[in-house]
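Residues 52 to 306 in the numbering used here are what the sequence shown lists, from first letter to last.
Note that the Cβ used here is the ideal one computed from N, Cα and C, for glycine as well.
Note that this is a predicted model, so its numbers are computed, not measured.
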Amino acid sequence: MQTTDKRSDRFALVTGGGSGIGEAICHRLARDVTAVAVLDIDVDAARRVAEDIKHAGGNAIPVHGNVADRVSIEEAVNRVHAELGPVTVLVNNAAIEGFQLFEDIEEASWERVMEVNLKGPYIAVQAVLADMRGAAWGRIVNISSLAAQIGAFKMAHYSASKGGVTSLTRTLAIELGAQGITVNAIAPSFIDTPMARRAIAASDLPIPFEEILKSYPIPRFGRPEEVAAACAFFASDEASYITGQLLGVNGGAAF
């Protein structure tokens, strides 16, 4: 899925770009677009990723932003406009997890997961739509999850939020396709990220992670770079006739 269509007028904004899958996506997109805005609520993490991209020969800026807060995201997009240009590639990656039996999930926890994982993409897309419409070209890639397809033990709020991301993707594809904007989603499974490692360390998984991986047709952790490659394809001109799709980067786990 390697792409070679680097353009001088394309700027990407990646939410949750300071670690894990988001970090890998920032590095990968930096090879294909003019510059990447690394947005994260942890601005130090965003700075580190942006500096790493610059040292590798790319162009990136760190941007502080809370995806659940409209004012914060609008301010972040204004900064991208001032330092780079209009956003024509948006990757909605920022997310939080939670591990509780459904009956134990408190309303505050439910709302927090929904705010970040589902309200966040809603806010971010609205914040950059004018840029994409002005260019008559845009790429929106949403990071969903295998959990949205098959469920996940003790993760009802997370699974539900990611199911919403998938549905949002398909509806936006219908509404925006005629305007030159494609909208697709990626559903990773067990990817080797800090989030996954935290779950393993806290014994939040229903069975040992080794047993989970053994059940996959490709029995190993996925790599963040493998998700990033799929994202780069969706963000490219090569995917210009692909929209409303959900691509599983999951080692075959959905079968």
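field: Cβ neighbour criterion (16 or more within 10 Å) applied to Arg249
entry: Around the C-beta of Arg249, fewer than 16 other C-beta atoms lie within 10 Å, and the residue is accordingly described as exposed.
Proximity of Ile72 and Val278 at Cβ, strictly below 8 Å: Against a cut-off of 8 Å, the Cβ pair of Val278 and Ile72 comes out as a contact.
task: State the DSSP-derived secondary structure class of Phe150, mapped to helix, strand or coil.
output: Three-state DSSP puts Phe150 in coil, outside helix and strand.
field: Distance between His208 and Ile156 (C-alpha atoms, nearest Å)
entry: The alpha-carbon of Ile156 is positioned some 8 Å away from that of His208.
- request: Output the distance between the C-alpha atoms of Phe260 and Ala280, rounded to the nearest integer angstrom.
  value: Phe260 and Ala280 have their C-alpha atoms some 24 Å from each other.
- prompt: From Ala175 to Pro270, what does the alpha carbon distance come to, in whole angstroms?
  reply: Pairing Ala175 with Pro270, the inter-Cα distance amounts to about 35 Å.
query: Taking one C-beta from the stretch 239-249 and one from the stretch 211-227 each time, how about it: are there three or more such pairs within less than 8 Å?
result: Below 8 Å, too few C-beta pairs join the stretch 239-249 and the stretch 211-227 to call them touching: fewer than three.
query: If Leu90 sits next to Thr217, beta carbons under 8 Å apart, how far is it from one beta carbon to the other, in whole angstroms?
result: At roughly 22 Å, the Cβ-Cβ gap does not stay under 8 Å, so Leu90 and Thr217 are not in contact.
- request: Return the chain-ordered list of same chain residues with a C-beta closer than 6 Å to the C-beta of His115, the five sequence neighbours on each side being excluded.
  value: Within the same chain, and ignoring the five residues on either side of His115 in sequence, the residues whose Cβ sits closer than 6 Å to its Cβ are Val94.
DSSP bridge partner residues for Thr66 (one or two, in chain order): The beta-bridge partner set that DSSP reports for Thr66 consists of Leu90.
query: Of all the options Glu158, Arg190 and Val300, which has the alpha carbon lying nearest to the alpha carbon of Glu289?
result: Of the candidates Glu158, Arg190 and Val300, the residue whose Cα lies closest to the Cα of Glu289 is Arg190.
- request: Taking the CB atoms as reference points, tell me whether Leu80 and Ala283 lie closer together than 8 Å.
  value: Result yes, Cβ atoms of Leu80 and Ala283 sit closer than 8 Å.
- prompt: Does DSSP put Gly109 in a helix, a strand or coil?
  reply: DSSP places Gly109 in the coil class of the three-state scheme, outside both helix and strand.
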